[in-house]
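Those protein sequence lines, which keep their order, are chains A, B and C.
Quick note on this note's numbering: the first sequence kicks off at 57 and runs consecutively.
Quick note on this note's numbering: the second sequence kicks off at 75 and runs consecutively.
Quick note on this note's numbering: the third sequence kicks off at 553 and runs consecutively.
These notes are about the structure you will find just below.
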Amino acid sequence: MTTKPKEKPSRFDPEPLPRRDFLGLAALGSMALALLVSAFGMLRLPKAAVSASPAKKFEVDLPDALPAGEAFVPPGRNVAVFRDAEGVYAISTVCTHLGCIVKALPNGFECPCHGSGFASDGAVTKGPAPKPLPWLKVSARGNSVVIDEETTVASGTKV
Amino acid sequence: MKKNKYLLMVSSIGVFALLVIAAVSENFLKDWHAIQGQARAEDGPIEVRLRQVVNNDLRRTDRCVTCHVGMAPGEQITSQLKVAQPHKPVVHDPAVMGCTTCHGGQGQATEMDDAHGNVHFWTEPMLPAKYAYASCGTCHTPLNVPNLASLTSARQAFERLDCYACHRLDGRGGTIRPGGNLTGMDGPDLSHIGLKGYDAEWYVSHLGKNREGASEAWKASFREISDADLRLLKLLLDTQMGAPKLIEARAQFNSVGCTGCHAVSGFGGQNGPELSRVGEKDPNQLNFRNVPGERSLTNWIAQHFRSPASTVPGSLMPALDLNEQEIDLLTMYMLSLRRRGLPDVFLPKDRVKAMRFGAREFLTEPATVYSTICSSCHGASGKGARFPGNPPNPSITNPDFLAIASDDYLYATIARGRTSRPMLAWGEGERGLGDAEIRGLVAYIRQLGGGVQFVSDGRPARWVSGDAPTGERLYKANCAGCHGAIGGGGEGPAIGNASFLTAATDTFLVETISRGRTGTIMQGFATPNTVRPALTRAEIESIVAFIRTLEKK
Amino acid sequence: MENEERTALNTFWHNLRAVPVDLYRAMFRGGAPVTDRTRSSFVFGNVFLHLHSVRTHLWSLRWTATMGLGIITTAAFLITLVTGVLLMFYYKPYPDVAYQSIKDIHFIVPTGRFIRNIHRWAANVMVVAVILHMARAFYTASYRKPREFNWLIGWGLLVTTLALSFTGYLLPWDQLAYWAITIGANIAQSPREITDAMGITDLMDIGGLQREILLGSDIVGEESLIRFYLLHVMILPIVMAMLMAVHFWRIRKDGGLAKPADVNERVSVSQPEHYPVFTEEPKKTYQLAAVVKGRTPAVGSGPENTVPSMPHLFYAELGILMFTTLVCVALALVSDAPLKELANPLVPENPAKAPWYFLGLQEIVSFSAFMGGIGIPMLCWIGLGLIPFLDKETEGTGEWFGGPGGARLTLWSMVYGFATSIAVEAFAIRFGWLREWFPDVPQLVITFLNPGTVITALYAAFSIWALRRFNSTRAGALALFTCFLCGFIVLTVIGTYFRGPNWVFFWSPADWNAH
């Protein structure tokens, strides 16, 4: 055995304290760094780079016989389109409270989830909704209209 | 035990370095980063991020617009960057329909080679730009297309009659004047008029406006049109679906008789493969051994037209002796045959008409019907044709033939064909030719043959009562060499064919044997020649009697 | 301040300020691991670390003892686990949609392609490492008493690893996956070869049942995909984790790594880290013998040649973990995981190849589906499981190529193993096999007489010779194991590099005819 008897330490002796271990600390530090970078990379993954939703701009043919003030809801869209003497306008039917789809009534909108009510121009009349329903950008294209769900316009803008 | 610490340190630093490299290359070194970095909108640089067009109904997710950022929904690129230019104005908004719907390729990819399909396992590479119109065939079905000759004269008529002065057609013409209509032109754009439909009485109303002299343009640019020109204009307008090149390609297809052997959407011959989805063929499954150039479907199809037998070993398809321009048009039409299933909301009217209401993709006017169906085998002028490896196709405009073949015989032949021969029963089946179409075709064949009419001898269909055994002896000596021992055909037509014998009258047979066919090796047996004496009338009738016995076999 | 009244509010405020320090103390009760005692408590006070013993023998810490292969396997498993969970964010297990989602991962998911590549490479590293780890355990005769059971656990882990890798193969739903799985499923059906020959398929269709349970349908379709997905992300990982836990726990309970009987004479102790313990005759014997098998630490009188596991063992483990990560990340950077065209049930891939570790089997499957796919693999697998129960010798435990014959026999076996398999394969490739000579030969004859069975028989003969020559089961096992390892390598290489379309032999993939 290599330990000489006279140096032979006893297990009752206090263990000598390790000297400061720069190599070990550097190794652990670099590992922590590598893991930190990889954790950052992994955290990026769940945030999708693009959302898989179709274009928010769509074209719609309004029925010829649409009475003034009556809502026309294009199939599959959360928009109510109206036509009156001054022109065409579109109001979003997504409740500003928690995103339920409001129902268009003859004199306004009503949210089925938490009872918010909106006037026919989108202004809040009751319930918890914090903001009026936004008006959406409408532009004419030939005989039909193009509605852009992503662009809101000032209330009362008619085309 | 320092080596473990070194191992840990070196490995960790290595991992760190590689992660940094990966992060940099993913976030900064992609081609599209550079492209979007250079692109400028009116208010300065655009945000560098992935962009895509999604159409859930068509199941498209097209990230082409990540590089072609000028075509991305809502982007207005002002810089002169070729790749980032906006799309030219088209009927279908690319931001809604997606890119690959028309152009093919791999929409999900974000790198050029992958996206354009230049990877060996991607089955649907992009359509070459010059064949871009072929993509209309994915959803649309061109209807009522004439043959190329008619189409060309129709287009010439449109130009000759100065219609371009007021109307726009496929991006040409339509002078913009103050006081024009909504689009600034005097007349409406006619590019899609065939799809949308138009007022059948337009000529009457045009003429009225011209007489009233509503404006200078009406007086200067419009004049009376002949009936022949009106027919040509109708023919042109009916085919207007915004894809002039595709119509031209289909017109070429209608000019070389491909339908005689190949079916498209359920109409056409069965001797060759069905072509309805030939434009979707997977290049990886094709044999490119004898195809020079790139391994693309386009190249394969073009080479196949040049030399079918070497491209597909064992193919019966004859080389059609086409020029490069014709091959180009036919290639384009083949590429357009990609009729995949579509969600109902995207089914265009023309496709519905063709699928559900049996609308013809070719014009049902006799010349077009003839060139679409008959011309490949019987020749453009009906003189017949022979291709190596196939039975010879008889001349059908031979005056000797037309003189003894009644209209009923021609009608029956077209409608019921020849059992187990290349000649199909064109009048049968769900999509078969209708009565009027076949009658038109019969008249057209006579017209091709110089207007020779049939003169009836007033006898019933079956009158011959010759001696069949004698006939058999004579048949073996004189006829079997060309027509086969039991009339199975060889150099000459298969005269033992049951459907032939049903349609042919005794007079037809007797007269054919007697007079022969000028210009073929079938010579009249009633006249002697250097190698054999003439046959008597009785001998000929006995041969006919023998031939009649073949009918029962 | 000292006179300040200790109001309740004051105490609350004081406690609140002390939360960080108290939290730290609550978590790390033992204090900094600097002394022998605190280092020990660091290990056994931690749920994850207490699988380790508190002190590790110097013999076990040498790099040549294990080459770190077990840790590499574990590390690769952890990497696949983490990357696999991340991939599940975007993967959708439904035909066609699955393929599209992999395309999305490849093209647009942030770090998606990189993580998929790492997942794929780590899986391959794991398969290689698990095979090498098994070879290490075998060549150092570490399977002997008391480690027989742990050898069996490892035996199960090998199969689980291959199954995990194989089930992952279908998930991209591309041509590669589809046809590999079709072949795999038909191998599962191959017991029909036997039942057909016996004419009892109608009564007892084991093969058909296996295939049906695997696929959930008669074709590889959406049912199969969801089954493979379930196996890949849920059932097999759980089995794996449980087996691993038992495997690790048994290492500790079986007395650590296998060591030669005279291990203490072999280890030179000169490192400064080595602070000897148990240097004197103990005052009383620790009654550990009943709990921990092997040599109890308290009985001996000489110094234990051990060092504290914290930090020496952990540096080694972390080092290997990061090294494995480095290898996987580097491979992921240079080589993308394959993704071919969308699965098309009408157009088979040609050649349709299974994952590389099954290509050896595919090579013998090309003669008999049953023998290649089930018969011979089962034979090898059962043989492997029986090793610790047949070899009860003691010579050479814990030493590389220990036992009668030793390294020299291993070398001979290697030469014989390579030569035999290459010769038989070359013969079959050059001259064909029974079916080519006698087209009417019954399948049952080929099932029992094909290159796979011939190679197996030749190996068995050699092993019996070695057993008699050295008068030792260990020698026979050494010979047989080495031979099979060589045969596996030869067949895998032939299947991977020398087989082209229609499973025809080619000298190089460049000679494959384009379609």
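Just so it is clear, CB atoms sit at the ideal spot from N, CA and C, and this is done for glycine as well.
>> Rounded to the nearest angstrom, what separates P184/A and G155/A at their Cα positions?
In response: So the alpha carbons of these two residues sit roughly 12 Å apart.
>> Closest to L621/C by C-alpha separation, out of M579/C, A687/C, G969/C and A675/C, would be which residue?
In response: Taking only the C-alpha atoms, the option nearest L621/C is A687/C.
> What separation, rounded to the nearest whole angstrom, lies between the Cα atoms of K77/B and N562/C?
Replying inline: When only Cα atoms are considered, K77/B and N562/C end up about 53 Å apart.
> Can you tell me where the alpha helix (DSSP H) with E915/C in it begins and where it stops?
Replying inline: Start and end: L911 to V917.
>> So Y513/C contacts chain A; which residues on that side make the cut at Cβ distance below 9 Å?
In response: This structure cannot settle anything about residue 513/C, because the visible part of chain C is limited to 553 through 1067.
>> Since L93/B and G85/A should fall inside the 8 Å C-beta cutoff, what is the C-beta to C-beta distance between them, to a whole number of angstroms?
In response: Contact flag wrong, Cβ pair sits at about 16 Å.
>> Can you pull the chain C neighbours of F195/B, defined as C-beta to C-beta under 7 Å?
In response: Under the 7 Å cutoff, chain C gives K892 and E893.
> Which word fits Q377/B, buried or exposed, when buried means at least 16 other C-beta atoms lie within 10 angstroms of its C-beta?
Replying inline: Under the 10 Å beta carbon count, Q377/B is surrounded by 16 or more other beta carbons and is classified as buried.
>> In the DSSP assignment, the beta strand (DSSP E) including K78/A goes from what residue to what residue?
In response: Note that residue 78/A is Phe in the sequence shown here, rather than Lys. Per DSSP, F78/A belongs to no beta strand (DSSP E); it is in the alpha helix (DSSP H), F78 to R100.
> Using 8 Å as the limit for Cβ to Cβ distance, is R197/A near chain C?
Replying inline: For R197/A, not one C-beta of chain C is nearer than 8 Å to its own C-beta.
> If you follow the beta strand (DSSP E) that N129/B is part of, which residue opens it and which one closes it?
Replying inline: Going by DSSP, N129/B is part of the beta strand (DSSP E) stretching over V127 to N129.
> Mind checking G950/C: buried by the 16 CB within 10 Å criterion, or exposed?
Replying inline: Label assigned to G950/C: buried.
>> Assuming contact is defined by CB atoms lying nearer than 8 Å, are Y483/B and F582/B in contact in what I supplied?
In response: Yes.
>> Cutting at 7 Å between CB atoms, please list the residues of its own chain near F528/C, excluding the five before and the five after it.
In response: With chain C represented from 553 up to 1067, any question about residue 528/C goes unanswered, as that position is not in the structure.
>> So with CB distances below 7 Å, who are the chain B contacts of M98/A?
In response: None at all; the shortest Cβ gap to chain B is about 10 Å.
> Looking at the structure shown, is P119/B part of a helix, part of a strand, or coil, going by DSSP?
Replying inline: Residue state, collapsed to three classes: strand.
>> Just to make sure I have the definition right: I need the residues of chain B whose C-beta is within less than 9 Å of the C-beta of L154/A. Which are they?
In response: Those within 9 Å of L154/A in chain B number zero; the least Cβ separation is about 25 Å.
> Given M171/B, which residues of its chain have a CB within under 6 Å of its CB, disregarding the five upstream and five downstream residues?
Replying inline: If you ignore the 5 residues before and after M171/B, its C-beta comes within less than 6 Å of no other C-beta in its own chain.
>> Quick check: what's the CA-CA separation for K457/B versus P468/B?
In response: For K457/B and P468/B, the distance between alpha carbons rounds to 7 Å.
> Could you give the distance in angstroms between the alpha-carbon of G912/C and the alpha-carbon of N464/B?
Replying inline: If I take the Cα positions, the gap works out to 50 Å.
>> Under 8 Å, Cβ to Cβ, is there at least one residue of chain B near P119/A?
In response: No, its Cβ sits nowhere closer than 8 Å to a Cβ of chain B.
> At least one CB of chain B closer than 8 Å to the CB of A217/A: is that the case?
Replying inline: Because residue 217/A is not part of the residues shown, which for chain A are 57 to 215, the question remains open.
> Mind pulling the chain C residues with CB within less than 8 Å of N373/B?
Replying inline: When 8 Å is used as the limit between beta carbons, N373/B is near no residue of chain C, the shortest such separation being about 14 Å.
> Apart from the five residues just before and just after L311/B, which ones in its own chain have a Cβ nearer than 8 Å to its Cβ?
Replying inline: Take L311/B, set aside five residues on each side of it, and the residues of its chain with a beta-carbon closer than 8 Å to its own are L264, I267, G268 and Y272, in chain order.
> How would you label Q741/C, buried or exposed, when you count the other beta carbons within 10 angstroms and need 16 or more for buried?
Replying inline: Looking at its Cβ environment, which holds 16 or more other Cβ atoms inside 10 Å, Q741/C is buried.
> Quick one: does K355/B have its CB under 8 Å from some CB of chain C?
Replying inline: K355/B does not count as touching chain C.
>> Nearest by alpha-carbon distance to K655/C: which of I95/B, T184/B, H177/B and C173/B is it?
In response: If we check each option's Cα against that of K655/C, T184/B comes out closest.
> Does S109/A come within less than 8 Å of chain B when only Cβ atoms are used?
Replying inline: Closer than 8 Å: yes.
>> Measuring only the C-alpha atoms, how far is F941/C from V680/C?
In response: If you take the alpha carbons of F941/C and V680/C, they lie about 26 Å apart.
>> If you follow the beta strand (DSSP E) that S148/A is in, where does it begin and where does it stop?
In response: From DSSP, the beta strand (DSSP E) with S148/A extends over G143 to S148.
> For chain C, is any of its Cβ atoms less than 8 Å away from the one on K79/B?
Replying inline: Closer than 8 Å to some Cβ of chain C, the Cβ of K79/B qualifies, so yes.
> Should P1053/C be flagged as near chain A, meaning a C-beta pair shorter than 8 Å?
Replying inline: Output row for P1053/C: interface = no.
> When Cβ atoms are compared, which residues of the region 103-129 of chain B fall closer than 8 Å to chain A?
Replying inline: Taking a C-beta cut-off of 8 Å against chain A, the contacting residues of the region 103-129 of chain B are R123, L124, R125, Q126, V127, V128 and N129, listed in chain order.
> Which same chain residues, not among the five before or five after V526/B, have their C-beta less than 8 Å away from its C-beta?
Replying inline: Short of 8 Å from the beta carbon of V526/B, and not among the five residues preceding or following it, lie these beta carbons of its own chain, in chain order: P473, L476, A477 and R520.
> Which one or two residues does DSSP pair with D263/B in a beta bridge?
Replying inline: DSSP, once it has assigned bridges, lists R242/B as partnering D263/B.
> What three-state label does DSSP hand T581/B in the structure shown?
Replying inline: DSSP, reduced to helix, strand and coil, places T581/B within a helical segment of the structure shown.
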